[in-house]
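S.K.: Please find one structure pasted underneath; my questions will follow.
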Amino acid sequence: MYPLIRNRRLRTSASIRRLVRETVITPDDFLVPLFVVEGKGVKEEIPSMPNYYRMSLDHLETEVLELWKMGFCAVLLFVKVPDELKDNKGTEALNPDGLMQRAIKTIKNSCPEMLVMTDVALDPFSSYGHDGIVAEGQILNDETAEVLAEMSVSHAQAGADFVAPSDMMDGRILTIREALEDEGFQHTGIMSYSAKYASGFYGPFRDALDSAPVDIANVPKDKKSYQMDFANRFEAIRETQMDVDEGADIVMVKPGLPYLDIVREIKNEVDVPVAVYQVSGEYAMLKAAAEKGWLDHDSVMMEQLISIKRAGANIIASYFAKDFIRVMG
Ligand code: PBG
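Numbering-wise, the working numbering puts 219 at position 208 of the sequence shown, and it's gapless, one number per residue.
See the structure below:
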């Protein structure tokens, strides 16, 4: 065929490249993670996540209004809990006047159209830094699912639009769905972290929330008994299919970039929207390399975001949301 067919014709100018571009990304694609702390006037940078902050409710309000003005429509909330409020069962997570519940109300009061998704897992509230209740060196499954269901109802009562269980207990989507239905929250959605891997890329996030598993006897040192082995692929599909069957409205793959093969397979397998979490370690890696002058921050960031979308993501949870606006204008 050569030289009749020359693929480079479609690459000759910026205009033709624009015309044939298959994947575009807009603020609508982003879910913006936000870290909330107690206090007033607090906006502290997370050392391992340059230019990303933990903020108190007053700053949260300003931030969300700014994000809305920039064109974003959804946020994902995480709270940092003081040590003295942590216990094995995550009791503080159920406090109707807890930080998460107040954060939801703050956003819904000032920017009602902003979609609010909340993290549902015990780790920020756990004295052991685990996503579930610890007993005799194990993470209890069904007991944890019950607490997660109560937590979800509490978030729904405060006004959350979606709850996002990130814990990887078996059966928790069904338990949560049933609890929401029982309490009259038919319209509260569930975004399930369905294929969540036991990943080294979560390090900076655990710094941000002070939520790493503690190193004491009879407490598992890692999350490998509930988060997935990164060597596995079929298991990701089974996990995701089960979450859809149990009532998940949106499913998620996490982390992002090293798992784009999984994203594509899941996209081909299920017919609900697929979210991808480009996690804290992915963010930190690029920030660090750019700081050293080893990578061009903006072009690599765009390449990563587009790659995630191209792989099949309908939604990208990303700390780069505001950088994206800076680049795209
Ligand atoms: C915990 C949770 C984690 C993240 C989101 N929810 C960390 C973990 O599983 O230890 C990680 C997000 C990130 O690294 O950006 N339920």
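Built from N, CA and C at the ideal position, the CB exists for glycine as well.
With a threshold of 7 Å (Cβ to nearest heavy atom), would D218 be considered close to ligand 1?
M.R.: Not under cutoff, so the answer is no.
S.K.: Exposed or buried, which one is S310 when buried takes at least 16 other CB atoms within 10 Å?
M.R.: Exposed, because fewer than 16 other Cβ atoms sit within 10 Å of the Cβ of S310.
S.K.: Say whether chain C places a C-beta atom closer than 8 Å to the C-beta of G52.
M.R.: Among the chains in the structure shown there is no chain C, since it carries only a single protein chain.
S.K.: For R65, list the residues DSSP reports as bridge partners.
M.R.: Partner(s): F46 and E55.
S.K.: Which parts of the segment 188-236 are runs of the beta strand (DSSP E), unbroken and 3 residues or longer, counting only runs that do not cross its ends?
M.R.: Counting only runs of 3 or more, we get 200-207.
S.K.: CB-CB under 6 Å to A223, same chain, minus the five flanking residues each way: which ones, in chain order?
M.R.: Excluding positions up to five away in sequence, the list reads G140 and R217.
S.K.: Terminal residues of the continuous beta strand (DSSP E) containing T102?
M.R.: First-last for T102: undefined, no H or E at that position.
S.K.: Between which residues of its own chain and Y270 is the CB-CB distance below 6 Å, once the five residues before and five after are set aside?
M.R.: Contacts found: V264.
S.K.: When the Cα atoms are used, what is the spatial distance from S177 to V230?
M.R.: Going from the Cα of S177 to the Cα of V230 covers about 20 Å.
S.K.: Can you tell me which of F173, R20, E55 and L185 puts its alpha carbon nearest to the alpha carbon of H198?
M.R.: The shortest C-alpha separation from H198 is found at F173.
S.K.: Any idea if M339 is buried or exposed, counting beta-carbon neighbours within 10 angstroms, 16 or more meaning buried?
M.R.: M339 is exposed by the Cβ-count criterion.
S.K.: Compute the minimum distance between the beta carbon of D193 and the heavy atoms of ligand 1, and state whether it is under 7 Å.
M.R.: Not so, every heavy atom of ligand 1 lies at least 7 Å from the Cβ.
S.K.: How close, in whole Å, do the beta carbons of S236 and I150 come, if the pair is a contact with beta carbons under 8 Å?
M.R.: Indeed they touch by this definition, with Cβ atoms about 6 Å apart.
S.K.: Just verifying my parser: in three-state terms, what is the DSSP assignment at I36?
M.R.: Of the three classes helix, strand and coil, the one that applies to I36 here is coil, per DSSP.
S.K.: Could you tell me the distance, in whole angstroms, from the CA atom of E72 to the CA atom of N106?
M.R.: E72 and N106: Cα-Cα distance of roughly 21 Å.
S.K.: Tell me, to the nearest whole angstrom, how far the beta carbon of Y64 is from that of K54; I am working on the premise that it is less than 8 Å.
M.R.: Going by Cβ atoms, the distance from Y64 to K54 rounds to 5 Å, so yes, they are a contact pair.
S.K.: Grab the span of the beta strand (DSSP E) containing S329 for me, first residue to last.
M.R.: Unbroken beta strand (DSSP E) run through S329: I326 to S329.
S.K.: Going by DSSP in three states, V311 sits in which element: helix, strand or coil?
M.R.: V311 falls in the helix class under three-state DSSP.
S.K.: Is the Cβ-Cβ distance between I201 and G143 less than 8 Å?
M.R.: Not closer than 8 Å, so no.
S.K.: Thinking C-alpha only, which one of T37, M12, E33 and R22 is nearest R337?
M.R.: That would be T37, whose Cα lies nearest to the Cα of R337.
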